[in-house]
Each structure stands twice: as C-alpha cells, then as structure tokens.
Amino acid sequence: MASAAYTFGYSPGVLQSHASRTVTNTCGFFLKDVPVDARVLDAGCGPGTITSSFARVIPKGSIIGIDLSETIVEKARAQDDLPSNCSFQVADITQLPFENDSFDVIYTSQVLSHVPAADVAFKELHRVCKPGGFIACREADATAIMLYPRHPGLQLWKRVLPATVEFSKGHPSCSTLLWLWALGAGFTEDQLSLGFGSIHYTPKERRFWGETWCSRTRTDTTWRNKALEAGVVKSDQDFALMEEGWLSFINDPAAVFCMPCGEIICRK
Numbered sequence: 001m002a003s004a005a006y007t008f009g010y011s012p013g014v015l016q017s018h019a020s021r022t023v024t025n026t027c028g029f030f031l032k033d034v035p036v037d038a039r040v041l042d043a044g045c046g047p048g049t050i051t052s053s054f055a056r057v058i059p060k061g062s063i064i065g066i067d068l069s070e071t072i073v074e075k076a077r078a079q080d081d082l083p084s085n086c087s088f089q090v091a092d093i094t095q096l097p098f099e100n101d102s103f104d105v106i107y108t109s110q111v112l113s114h115v116p117a118a119d120v121a122f123k124e125l126h127r128v129c130k131p132g133g134f135i136a137c138r139e140a141d142a143t144a145i146m147l148y149p150r151h152p153g154l155q156l157w158k159r160v161l162p163a164t165v166e167f168s169k170g171h172p173s174c175s176t177l178l179w180l181w182a183l184g185a186g187f188t189e190d191q192l193s194l195g196f197g198s199i200h201y202t203p204k205e206r207r208f209w210g211e212t213w214c215s216r217t218r219t220d221t222t223w224r225n226k227a228l229e230a231g232v233v234k235s236d237q238d239f240a241l242m243e244e245g246w247l248s249f250i251n252d253p254a255a256v257f258c259m260p261c262g263e264i265i266c267r268k
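Residue 1 is where the sequence shown starts when you use UniProt numbering, and the numbers rise one by one after that.
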C-alpha cells in the first residue's frame, strides 16, 4: 500500500487477505457511475486484484494501479490473464507522477489509514482528478470492530489492531476523517457524499478470515514488532493467545466479524 512502512507488512497472510479484494466486493458503492471509457487510477493497489478486475468492467477505458512497494507492484504485474488495459507502476500517493486533471475516476481501498500524511495524499488525488470526474475512497474504522466469539485473544486483537496503526502514525479511525480530508483538499460540501459499508464475514466465510489472521499473527514480523514496540503486546504468549482466539473463531459456527468502512465519493 501507499506507505513506506505499511503497518501489516507483506507476509503471505497479508497478501492472501489483499488478494481476496476485487471490484465486485469493494467498489459497489460507486461502480455504476464509472463510464466504460474512463481513465482510472487505483491509488495503493497492493497485489492488483481490484485493479485487474476493474479493467474488465471498463473495456473501452484504462486503469493504472500504483503502489510504493516495488515488490508488490511486481506481484501485481505477474497476475495471470492481465487485461491489456491494465498497468502498474511504483509511485508515492503523496507525490503522484501525473499531470493535473489526468483521471476520470480515482479509487482507494484501505490505503489512507496507513498514510501518515493522508491530508497531503488527498490533495494529490484532487489535483490529478479531472473536472467532472470523482474520487471514491473506502477506508475502515479499526476502532469499531464487532467480533464474536468473545475470546480473550480476540479482545486483545481488537486492541492491538488500532494501536499498531496509530503507532505507525496512521489513522485507525480513518473512516471518520474522510470528509475532513476532502474539504481540506479543495472539495465543497455539496460535492461530497459519505456512506458506510463494512468488511464482514459470515459464519460460512469464517475459515478464510480466521486462517488469514492466524497466519498473520504467527508470521507477520512487521506487525508483531510494531505491536511489541507500541507496548500493547508484551510477549510471545500474547501472540499465541490471539492465534488461539482466531482458531476459536474458525471453529465457532456462530462466529461473526464486521468492521465498518467509510465510503466517500468526491465529485470535482
């Protein structure tokens, strides 16, 4: 994502989670407004699964995915059956290498919460958006997660997640700041609309999400180190407790996960 030190690192569990994101499950709140010939920017594309699936719904248009990590951009480029109207490049969301008024549609998904200078990033998105175009951002609130079962390891995880984002100078309650950043970037109130969706996993989907976080809790050294440095985790036993919590999530047929996401559309 668009940060020099992405909070969660790029462990296999992180990439598995990011690769589950597509245009279908993340872009529904604005997709109907995208012209088939639009020039689109996916700002903070990660492994590029949203970008490549987006390309297929704009057959007469094009999409560029950018990310600050060269390694991740290479993974995005290596996707199978990549559409010809889809490309990727290394770029910094706070210093975009594009001319003013370059894109019809600009999109971020779970990016700005990890960008310390998110207000600067929003100004850059505004700059490269064409008049008549729009910016759409879907950003989570890590402080408002709803989670069952009430396992002590999961309760600890709910505290650790926002603490590590904040320790990285990110914005754990990012969804509540989108309107503020949009106004600061130059949009007026009548150009903005804000709604809320969610990242959620039903009992049928619990194995994927639970196994992803078991892996991330066990192997994501970037996140583990930040949790220790932030002081919210004290020992390996705490990580083991969180993994135990996610195993209980997998095995509980009543398990539910929901994280609210702000969904803002900014029309220029």
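For every residue, glycine included, the Cβ atom is placed at its ideal position computed from N, Cα and C.
Length-filtered (3 minimum) beta strand (DSSP E) runs lying within the UniProt domain "Methyltransferase" (38-141): 39-43, 62-67, 86-90, 103-109, 129-140
Three-state class that DSSP yields for I145 in the structure shown: coil
Option in L177, L247, P162 with minimal Cα separation from V233: P162
Cβ pair F29, I199 closer than 9 Å: no
Other residues of its chain near W213: CB distance less than 6 Å, five sequence neighbours each side excluded: W246
Buried or exposed by the 16-neighbour rule on C-beta atoms within 10 Å, applied to H18: Low confidence applies here, because H18 scores a pLDDT of 48, under 50, leaving its location unreliable and the question unanswered by this model.
Distance between T217 and R56 (C-alpha atoms, nearest Å): 34 Å
Identity of the residue in E166, G210, R138, K75 nearest A230 by Cα: E166
Closest residue to C137 among P172, T71, S193 (Cα-Cα distance): S193
Paired residues, beta bridge with G262 - DSSP: E139, F196
Candidates G195, N100, T222: closest to C27 by CA position: G195
Which listed residue (D101, I50, A118) has its alpha carbon closest to that of P83: I50
Pick from A240, A91, S109 that is closest to T71, judged by C-alpha positions: A91
Residues bridged to F257 [DSSP beta-bridge criterion]: L147, Y201
Min CB distance T49 to chain C below 9 Å: The displayed structure is made up of one protein chain only, and chain C is not part of it.
Residue of F88, S53, F187, G132 minimising C-alpha distance to I64: F88
DSSP state of G13 mapped onto helix, strand, coil: Its pLDDT being 46, under 50, G13 is placed unreliably in this model, and the value from its coordinates should be taken loosely. Note: G13 maps to helix in three-state DSSP.
Whether D37 touches G61 by CB criterion (9 Å): yes
Contact between the region 110-117 and the region 139-153 (3+ Cβ pairs under 8 Å): yes
When L147, V128, I58 are compared against D252, the one with the closest alpha-carbon: L147
Through-space distance from D238 to F187, alpha-carbon basis: 44 Å
One or two residues paired with residue 277 in a DSSP bridge: In the structure displayed, the chain extends from 1 to 268; residue 277 sits before or after that span and is not available.
Cβ shell of V40 (< 6 Å), same chain only, five flanking positions each side left out: I63, V105
Reduced DSSP secondary structure (H/G/I, E/B, other) of D33: helix
Chain-order list of residues whose beta-carbon lies under 6 Å from that of F98 (same chain, five-residue window excluded): V128
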